[in-house]
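A short write-up of the structure that comes next.
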Amino acid sequence: ELREKTDLEGKTREIVSDLIGVSSTQIGRYHSINSNLSESLMNAFKRNKLNISTAAELAGLNEKYQTKACELLENAGQLALNDAKLLKAQQEQDKTKQG
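All residue numbers for the sequence shown refer to our numbering, where the first residue is 686 and numbers rise by one.
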């Protein structure tokens, strides 16, 4: 909509970044979280139980591993970025085994 009303040029993410003062990388993380994070994990993110880096990493997981992340979060009360990276590594191992 903004493009139609103005003569802004360039990539949308960069335009938004300039307008709101947030890096384009951070905008990409928010987009990934919004598009891919499960409802349960999104609720945890909104309640500040997950930081943005952890939430973005979890958003890259499939449904099975996001469910595992929810279970870990419920049991531990929090998830760190390293926990999310371990889950991602496990997911990649599963993909390799399944061929």
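Note that CB positions come from ideal geometry on N, CA and C, so glycine has one too.
Neighbour-count burial assignment, serine 778, 16 or more Cβ in a 10 Å radius: As a working mapping, residue 778 is identified with position 93 in the sequence shown. Strictly speaking, residue 778 in this sequence is glutamine, with serine absent from that position. Exposed, because fewer than 16 other Cβ atoms sit within 10 Å of the Cβ of glutamine 778.
Please list the terminal residues of the continuous alpha helix (DSSP H) segment that includes lysine 734. Numbered from its first residue, the sequence shown carries residue 734 at position 49. No alpha helix (DSSP H) contains lysine 734, which DSSP labels as neither H nor E.
Looking at alanine 744: is its Cβ nearer than 8 Å to the Cβ of leucine 758? In the sequence shown, residue 744 corresponds to position 59, counting from 1. In the sequence shown, residue 758 corresponds to position 73, counting from 1. Result no, Cβ atoms of alanine 744 and leucine 758 do not sit closer than 8 Å.
Out of Ile705, Thr781 and Leu764, point me to the one whose CA is closest to asparagine 736's CA. Stepping through the sequence shown from its first residue, residue 736 is reached at position 51. Taking only the C-alpha atoms, the option nearest asparagine 736 is Leu764.
DSSP state of lysine 696 mapped onto helix, strand, coil: By 1-based counting over the sequence shown, the position of residue 696 is 11. It is coil, neither helix nor strand.
Residue from Ala729, Lys780, Ala774 and Ser738 whose Cα sits closest to the Cα of glutamate 756: Position 71 of the sequence shown holds residue 756. The shortest C-alpha separation from glutamate 756 is found at Ala729.
Taking the C-alpha atoms as reference points, what is the distance between serine 717 and asparagine 767? Against the sequence shown, residue 717 aligns to sequence position 32. Against the sequence shown, residue 767 aligns to sequence position 82. Cα-Cα distance, rounded: 19 Å.
Do leucine 726 and glutamine 751 have their CB atoms nearer than 8 Å? Taking the first residue of the sequence shown as position 1, residue 726 is located at position 41. Taking the first residue of the sequence shown as position 1, residue 751 is located at position 66. Contact: yes.
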